[in-house]
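Trainee: The structure that follows is given in the form of structure tokens.
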Amino acid sequence: MPRYFFETSGPGGECRDEEGTILLDVDAAQRYARRALCEIAGDCLKGGHVTFVVRVLDMTGSEVYRASIALTEPHKYGSAPHPDQQVHAAPANDAVERHP
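Count along the sequence shown from 1, then add 50; that gives the number in our numbering.
This is the structure:
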């Protein structure tokens, strides 16, 4: 199975994946990258606007996927963001949670 490398960047700087992760195929690497973006963004946002990027590289160093997520959260804690600004990460089993 192929090994994929995930490079992330955001307000805290860049992080290079030196070890990589063995995954079934590029589709699995894309799902892994999207979940990672949601987790990183959810852990780091403390008010304001931020953008996070993840790049997926194959074993030759070629980029096979890139995704980004931009989030905005009110600076005033305790105030609920507009519903259009809420981000819900998909559970680890790839199921999508629907909100009316």
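Even glycine gets a Cβ: it sits at the ideal position worked out from N, Cα and C.
Would you grab the beta carbon distance between valine 103 and alanine 86 for me? Rounded to a whole angstrom, and I think it's under 8 Å.
Mentor: Contact flag wrong, Cβ pair sits at about 11 Å.
Trainee: Within 10 angstroms of the Cβ of leucine 107, are there 16 or more other Cβ atoms? Answer buried if so, exposed if not.
Mentor: Classification for leucine 107: buried.
Trainee: Within its chain, find whatever has a CB closer than 6 Å to the CB of isoleucine 15; leave out the 5 residues flanking it on each side and keep chain order.
Mentor: Beyond the ends of the chain as shown, which are 51 and 150, falls residue 15; an answer cannot be given.
Trainee: Quick one: is glycine 98 buried, meaning 16 or more other Cβ sit within 10 Å of its Cβ, or exposed?
Mentor: Exposed, since its Cβ has fewer than 16 Cβ neighbours within 10 Å.
Trainee: Exposed or buried, glycine 60, counting other C-beta atoms within 10 Å across all chains shown (16 or more means buried)?
Mentor: Buried, since its Cβ has 16 or more Cβ neighbours within 10 Å.
Trainee: Among the candidates Glu123, Arg116, Leu121 and Asp67, whose CA atom is the shortest distance from the CA of glutamine 81?
Mentor: Position check: residue 81 holds arginine in this sequence, whereas glutamine was assumed. Arginine 81 has its Cα closest to that of Arg116, out of Glu123, Arg116, Leu121 and Asp67.
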